[in-house]
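Plus 1 on top of the position in the sequence shown (first one is 1) and you've got this note's numbering. We put the CB at the ideal spot given by N, CA and C, even for glycine.
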Amino acid sequence: MTIKNIVQIGNPLLNRKSKFVASIDAKETQRVIKNLVDSVRYHDLIGIAASQIGEKLRIFVTEVRKTKYRNVKKDILRVYINPKIVWFSKKQIIVYEGCGSVAYAKLFAPVKRPEKIIIEAFDEKGNKFRLKAEGFLSRVIQHEYDHLDGIEFTEKITDMRKIMSLEEYKKMSALKT
Ligand SMILES: [Zn+2]
2 MTIKNIVQIG NPLLNRKSKF VASIDAKETQ RVIKNLVDSV RYHDLIGIAA
52 SQIGEKLRIF VTEVRKTKYR NVKKDILRVY INPKIVWFSK KQIIVYEGCG
102 SVAYAKLFAP VKRPEKIIIE AFDEKGNKFR LKAEGFLSRV IQHEYDHLDG
152 IEFTEKITDM RKIMSLEEYK KMSALKT
């Protein structure tokens with residue numbers, strides 16, 4: 002099992018546009034997928050993109066898990082290769098986001114994005130799928146998708162005065178639920 006360090010904000014590797022995956026079966030592609038799955042679990046994240054482990058490929062994974070302070074609907078592990086978001090809802094909502102690449106997910110801030118999306122992608126076996134996502138999964142997908150284009154959520158913070166530490170974020174979430 003290979004656990005990768007997560008590339009941190011300020012490193013130009015995070016600003017690169019990732020390349021389309023030419024062969025899903027290729028050993029190299031499968032190695033990146035395995036590293037992403039290991040990393041998302043090891044670092045207790047709910048999503049991670051290839052650029053965050055220094056790989057310039059259009060791949061990310063999501064695995065939404067409940068935690069003590071994150072009362073969200075659980076979702077299975079999903080792998081997205083060469084994804085494309087084909088539909089965004091008109092309605093946009095503000096949700097707090099964090100990122101493994103921003104102070105190791107110890108900083109949170111409000112970001113406005115469409116509430117629901119439809120994404121098309123290939124899974125790790127090369128099967129094409131189409132997924133309508135809402136709630137937290139929709140949010141995670143849009144965040145990871147941005148990573149493929151070299152965009153960090155900090156570029157989209159709606160109110161700089163509302164940035165908070167993990168500790169404060171936990172307090173806020175506890176109050177809400
Ligand atoms: Zn991120």
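From which residue to which residue does the beta strand (DSSP E) around residue i run?
i	result
Ile34	Not the beta strand (DSSP E): Ile34 falls in the alpha helix (DSSP H), residues 28-43.
Gly61	Looking at the sequence provided, one finds Phe at residue 61 rather than Gly. That run of the beta strand (DSSP E) goes 60-63.
Ile119	118-123
Asn83	79-89
Gly48	48-50
Phe109	108-115
Val103	Where Val103 is concerned, there is no enclosing beta strand (DSSP E), given that its DSSP letter is neither H nor E.
Suppose the cutoff is 8 Å on Cβ atoms and the five residues either side in sequence are ignored; what does the same chain contact list for residue i look like?
i	result
Glu116	Ser90, Lys92, Gln93, Ile94, Glu135, Ser139
Val8	Leu14, Leu15, Ser52, Gln53, Ile54, Gly55, Ser102
Ser24	Thr30
Arg17	Ser52, Lys57, Gly151
Tyr105	Ile7, Gln9, His44
What span of residues does the alpha helix (DSSP H) with residue i cover, start to end?
i	result
Leu14	Careful: Leu14 lies outside any alpha helix (DSSP H) and carries neither H nor E.
Ile142	136-149
Excluding the five sequence neighbours on either side, which residues of its own chain have a C-beta within less than 6 Å of the C-beta of residue i, listed in chain order?
i	result
Val1	Here the chain covers residues 2 to 178 and nothing more, so residue 1 does not appear.
Ile164	Ala110
Arg79	Thr63
Glu125	Ile34, Val80
Phe137	Val65, Val73
Lys113	Gln93, Ile95, Thr159
Would you say residue i touches ligand 1, meaning its beta carbon is less than 6 Å from a heavy atom?
i	result
Ser52	no
Closer than 6 Å: is that where the CB of residue i sits relative to any heavy atom of ligand 2?
i	result
Ser102	The model on display carries ligand 1 but not ligand 2.
Skipping 5 residues on each side, what residues in its chain have a beta carbon closer than 7 Å to that of residue i?
i	result
Val33	Ala51, Glu56, Leu58, Ile60
Arg131	Ile119, Glu121
Val22	Thr30, Leu58, Arg59, Ile60, Ile82, Asn83
Phe123	Ile25, Ile82, Asn83, Lys129
Gly11	none
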